[in-house]
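**Q** Residue 121 in the working numbering is what sits at position 140 of the sequence shown, and the numbering runs on without skipping anything.
We put the beta carbon where it would ideally sit given N, CA and C, even for glycine.
Here it is, the structure in full.
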Amino acid sequence: MNDSHSSSSDSASMAAIDQNVGRSRRSGSGDQTLATDIPRHWHDIFWLGVFLFHLMGLALALAVLGLNRFTKSDRFNFDRYTSNTTITVENGHGLTEDYWPMYGLGGGVGTLLGWAWLLLLGSQANHMMKISVHILTTYLAVVSVLCFWSEQIFWGVTFATGAALQFLYVISVIDRLPFTMLVLQKAVKMVWSLPEVMRVSYAFMLVMLLWMGLWSFGAAGVVASTINLSGRWWLLVVLSLSLFWTGAVLCNTVHVIVSGMVFLVLIHGGREAASMPANPLMKSLRYSVTKSFGSICYGSLFTAAIRTLRWEIRGLRSKIGKNECLLCCVDFLFHLVETLVRFFNKYAYVQIAVHGKSFNRSARDAWELFQSTGVEALVAYDCSGAVLLMVTILGGLISGTCSGVWTHIKWNDDRVTMVGSTAMLMGMVLVGLAMVAVESAVTSIYICYAEDPLLIHRWDAEFFNQLSEALHQRLQHRSSRAREVSVHILELKTWWADKLQALLWAFTNVNRHFFKALLMGYKKWRSLASSFPDLILLADC
-18 MNDSHSSSSD
-8 SASMAAIDQN
2 VGRSRRSGSG
12 DQTLATDIPR
22 HWHDIFWLGV
32 FLFHLMGLAL
42 ALAVLGLNRF
52 TKSDRFNFDR
62 YTSNTTITVE
72 NGHGLTEDYW
82 PMYGLGGGVG
92 TLLGWAWLLL
102 LGSQANHMMK
112 ISVHILTTYL
122 AVVSVLCFWS
132 EQIFWGVTFA
142 TGAALQFLYV
152 ISVIDRLPFT
162 MLVLQKAVKM
172 VWSLPEVMRV
182 SYAFMLVMLL
192 WMGLWSFGAA
202 GVVASTINLS
212 GRWWLLVVLS
222 LSLFWTGAVL
232 CNTVHVIVSG
242 MVFLVLIHGG
252 REAASMPANP
262 LMKSLRYSVT
272 KSFGSICYGS
282 LFTAAIRTLR
292 WEIRGLRSKI
302 GKNECLLCCV
312 DFLFHLVETL
322 VRFFNKYAYV
332 QIAVHGKSFN
342 RSARDAWELF
352 QSTGVEALVA
362 YDCSGAVLLM
372 VTILGGLISG
382 TCSGVWTHIK
392 WNDDRVTMVG
402 STAMLMGMVL
412 VGLAMVAVES
422 AVTSIYICYA
432 EDPLLIHRWD
442 AEFFNQLSEA
452 LHQRLQHRSS
462 RAREVSVHIL
472 ELKTWWADKL
482 QALLWAFTNV
492 NRHFFKALLM
502 GYKKWRSLAS
512 SFPDLILLAD
522 C
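Below is the structure:
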């Protein structure tokens, strides 16, 4: 019986792959115009307006906050509005220019790390990824010890918790890393074959660095202000959320540009092909910063948080075992997040680049494409996004550490954590801009494999065979896992049915004895009541 189930699952797996390949053969060359000369329309204009309005308002606020204490204390007399502060102007936290160079150090370190990662990935991709995965846990633990040593208990606990979660996650996905490294190597190969893509990443890092110059100017003014501690922290949190959104928008703009280029290269069989349209990079850039920019702004609000939550839940779900209660709770969270992923996923940016759709429609179409072709099994197994996130976090930690150490040398108080934490975010954004080129190549490869597997075969036949074999294995695994879950659910239902039957029998038995005792009591009461008149007559005598 088990052999028949196994053979049926194998045939189903192979049928899914054959169906996918067959569909690509049927499409032939008729879809070669898929990414070119498609009429595009403006989408998600509301979110484009929100982002631009937020950017202009924030630029004004940052300039005012920085200038308030630039070369002169309280230039705009803001201290009169902070009457609850216990710090006087004369004993304030210094001036804006006292902290601005420390943010400059963090931004410079982040930029250098991003450029260095891009350069080293071309020759040492496998080693660099492995180093990043394993060194991040150690680095988090070391920073945690330094925070405890500096009596920063909250940050010490935070970094220690991060180190523990990072270690547990790596342990839970250790068996997926070989396949992940294979996909990342091929993505790096694709990116390095397109030097114009590398130049786009460098250019956007410079744009982000210019914006960070103004952002750090305002943040330095907040750190130097005479507002009380909680007020300064709240202002820095608001500024950090804005920087995170701005950085995500620029990262996803690069994502759309690179995805459009990679998709065109795969469709036309190479960047030197005669059918390749003229100036494809400029066309992709123009669409990304005009008609598709609203969709990018909208998706950048949610995709990063949902992806991170999905990775953590998947890692936890794979290591739960047979704890029914915990498995039930995690499955509920997993299906909730999977529903969100249907409408907010990074693969939407490929659809935006290729078809010019709105963000929600792109995300839904990409996910339905993966579900219908079975490629979702590969996407779920791949951890390339998590590995690149580890590289980004490591770069941010190094940037924040450099700025924090310099601040600690000059002032050993709460300003160290303020400058260090915000400089860490700056470093993460800058390194993330470098890593997004590789991530967009990964997403484009999966979309191309789902739409037309022969595109990957034409680009790299060996990689196509490896992807097909991995897909076959994952579908087999899912089939066997589904049978195990079905058997387990049947056993659980049988167990609950037996318990319920025993409970009903016990309840019926108790009720039978209860009613029997009640009937006997009633009979005794009737006999006592019938003899009651005789007792009265005897008393009268």
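Determine the burial state of residue 219: buried for a count of at least 16 other Cβ atoms within 10 Å of its Cβ, exposed for fewer.
**A** Here residue 219 refers to the residue found at position 238 when the sequence shown is read from its first residue. With fewer than 16 Cβ atoms within 10 Å of its Cβ, residue 219 is classed as exposed.
**Q** Does DSSP classify residue -2 as helix, strand or coil?
**A** Residue mapping note: residue -2 aligns to position 17 of the sequence shown, counting from 1. In this prediction, residue -2 scores a pLDDT of 45, lower than 50, which makes its location untrustworthy; the coordinate-derived value is nonetheless stated afterwards. Residue state, collapsed to three classes: helix.
**Q** Does DSSP put residue 441 in a helix, a strand or coil?
**A** Locating residue 441 in the sequence shown gives position 460, counting from the first residue. Note: residue 441 maps to coil in three-state DSSP.
**Q** How big is the Cα-Cα spacing for residue 241 and residue 247?
**A** Locating residue 241 in the sequence shown gives position 260, counting from the first residue. Locating residue 247 in the sequence shown gives position 266, counting from the first residue. Approximately 10 Å between the Cα atoms of the pair.
**Q** Check whether the region 326 to 339 and the region 257 to 272 touch, using three or more Cβ-Cβ pairs below 8 Å as the test.
**A** yes
**Q** Give every residue of the same chain whose Cβ lies closer than 7 Å to the Cβ of residue 210, excluding the five residues on either side of it in the sequence, and list them in chain order.
**A** Start at 1 with the first residue of the sequence shown, and residue 210 comes out as number 229. Here the set comprises 395.
**Q** If you drop the 5 nearest sequence neighbours on each side, which residues of the same chain put their C-beta closer than 6 Å to that of residue 105?
**A** Locating residue 105 in the sequence shown gives position 124, where the first residue counts as 1. None.
**Q** Can you grab the Cα-Cα spacing for the pair residue 77 / residue 250, in whole Å?
**A** In the sequence shown, residue 77 corresponds to position 96, counting from 1. In the sequence shown, residue 250 corresponds to position 269, counting from 1. Those two C-alpha atoms are separated by around 54 Å.
**Q** Thinking C-alpha only, which one of 375, 280, 38, 54 is nearest residue 123?
**A** As a working mapping, residue 123 is identified with position 142 in the sequence shown. Nearest of 375, 280, 38, 54 to residue 123, Cα basis: 375.
**Q** Which of the three DSSP states is assigned to residue 133 in this structure?
**A** Here residue 133 refers to the residue found at position 152 when the sequence shown is read from its first residue. Judged by DSSP in its simplified three-state form, residue 133 adopts coil rather than helix or strand.
**Q** Taking just the CA atoms, how far does residue 276 sit from residue 267?
**A** For the purposes of this step, residue 267 is taken as residue 286 along the sequence shown, with counting starting at 1. For the purposes of this step, residue 276 is taken as residue 295 along the sequence shown, with counting starting at 1. Whole-angstrom Cα-Cα distance: 14 Å.
**Q** State the DSSP-derived secondary structure class of residue 379, mapped to helix, strand or coil.
**A** By one-based count along the sequence shown, residue 379 stands at place 398. Residue 379: helix per DSSP, three-state reduction.
**Q** Leaving aside the five residues before and after residue 422 along the sequence, list all residues of the same chain whose C-beta is less than 6 Å from its C-beta, in chain order.
**A** Counting from 1 along the sequence shown, the entry for residue 422 is found at position 441. These residues qualify, in order along the chain: 168, 171, 172, 243.
**Q** Could you tell me whether the region 43 to 61 touches the region 194 to 201, using the rule of 3 or more Cβ pairs below 8 Å?
**A** A contact exists between the region 43 to 61 and the region 194 to 201.
**Q** Can you have a look at residue 352 and say buried or exposed, based on whether 16 or more other CB atoms are within 10 angstroms of its CB?
**A** Along the sequence shown, one-based indexing puts residue 352 at 371. Exposed, by the Cβ-count rule.
**Q** Who are the near neighbours of residue 257 in its chain, counting only those whose CB is closer than 6 Å to its CB and skipping five residues on each side?
**A** Here the question's residue 257 lines up with position 276 in the sequence shown. Taken in chain order, the residues that qualify are 249.
**Q** Is it buried or exposed, residue 228, if we count other Cβ atoms within 10 angstroms and call 16 or more buried?
**A** Translated into the one-based positions of the sequence shown, residue 228 becomes position 247. Buried: at least 16 other Cβ atoms inside 10 Å.
**Q** Between residue 368 and residue 98, how many whole angstroms is the CB-CB distance? I'm expecting something under 8 Å.
**A** On the sequence shown, residue 368 is found 387 positions in, with the first residue counted as 1. On the sequence shown, residue 98 is found 117 positions in, with the first residue counted as 1. About 12 Å separates the two Cβ atoms, so there is no contact after all.
**Q** Roughly how many angstroms lie between the CA atoms of residue 400 and residue 80, to the nearest whole one?
**A** Against the sequence shown, residue 400 aligns to sequence position 419. Against the sequence shown, residue 80 aligns to sequence position 99. Residue 400 and residue 80: Cα-Cα distance of roughly 8 Å.
**Q** Under three-state DSSP, which class holds residue 434?
**A** To locate residue 434, count along the sequence shown from 1; it is residue 453. Looking at residue 434 - three-state DSSP - the assignment turns out to be helix.
**Q** CB-CB under 7 Å to residue 107, same chain, minus the five flanking residues each way: which ones, in chain order?
**A** Working through the sequence shown from its first residue, we reach residue 107 at position 126. The residues are 162, 166.
**Q** Does DSSP put residue 283 in a helix, a strand or coil?
**A** Working through the sequence shown from its first residue, we reach residue 283 at position 302. Three-state DSSP puts residue 283 in coil, outside helix and strand.
**Q** Specify, as a first and last residue, the run of the alpha helix (DSSP H) that residue 180 falls within.
**A** For the purposes of this step, residue 180 is taken as the residue at position 199 of the sequence shown. 176 to 205 is the span of the alpha helix (DSSP H), which, as asked, contains residue 180.
**Q** Could you tell me whether the Cβ atoms of residue 452 and residue 366 are closer together than 8 Å?
**A** Here residue 452 is taken as the residue at index 471 of the sequence shown, counted from 1. Here residue 366 is taken as the residue at index 385 of the sequence shown, counted from 1. No, the pair does not count as a contact, with Cβ atoms beyond the cut-off.
**Q** Buried or exposed: where does residue 442 fall if 16 or more other Cβ atoms within 10 Å of its Cβ makes it buried?
**A** As a working mapping, residue 442 is identified with position 461 in the sequence shown. Residue 442 is exposed by the Cβ-count criterion.
**Q** Apart from the five residues just before and just after residue 388, which ones in its own chain have a Cβ nearer than 7 Å to its Cβ?
**A** Numbered from its first residue, the sequence shown carries residue 388 at position 407. Closer than 7 Å at the Cβ level, and outside the excluded window around residue 388, lie 83, 396, 397, 400, 401.
**Q** How should residue 138 be labelled, buried or exposed, when 16 other C-beta atoms within 10 angstroms of its C-beta is the threshold for buried?
**A** As a first step, residue 138 is located in the sequence shown; it is residue number 157 there, counting from the start. By the neighbour-count criterion, in which a residue is buried when 16 or more other Cβ atoms sit within 10 angstroms of its Cβ, residue 138 is exposed.
**Q** Buried or exposed, going by whether 16 or more other CB atoms sit within 10 Å of the CB of residue 263?
**A** For the purposes of this step, residue 263 is identified with residue 282 of the sequence shown, where counting begins at 1. Residue 263 is exposed by the Cβ-count criterion.
**Q** Report all residues from its chain with a CB closer than 6 Å to the CB of residue 236; omit the five preceding and five following residues, and keep chain order.
**A** Counting from 1 along the sequence shown, the entry for residue 236 is found at position 255. Counting only Cβ-Cβ distances below 6 Å, and skipping sequence neighbours, we find 330, 417, 421.
**Q** Restricting to runs no shorter than 4 residues, where is the alpha helix (DSSP H) found entirely within the region 24 to 101?
**A** 26 to 49
**Q** Determine, using beta-carbon pairs with one atom in the region 133 to 149 and one in the region 172 to 187, whether at least three such pairs fall under 8 Å.
**A** no
**Q** Whose CA, out of 461, 278, 174, 118, lies closest to the CA of residue 148?
**A** Looking up residue 148 in the sequence shown gives position 167. When only C-alpha atoms are compared, the closest one is 118.
**Q** Would you mind working out which of 133, 427, 206, 333 sits nearest residue 393, comparing C-alpha positions?
**A** Within the sequence shown, residue 393 is the residue found at index 412, counting from 1. Of 133, 427, 206, 333, the residue nearest in Cα terms is 133.
**Q** What's the call for residue 58, buried or exposed, on a 16-neighbour Cβ count within 10 Å?
**A** The residue you call residue 58 lines up with position 77 of the sequence shown. Counting of Cβ neighbours within 10 angstroms places residue 58 among the exposed residues, the total staying below 16.
**Q** Return yes when the Cβ of residue 151 is within less than 8 Å of the Cβ of residue 408, no when it is not.
**A** To locate residue 408, count along the sequence shown from 1; it is residue 427. To locate residue 151, count along the sequence shown from 1; it is residue 170. Contact flag unset, no.
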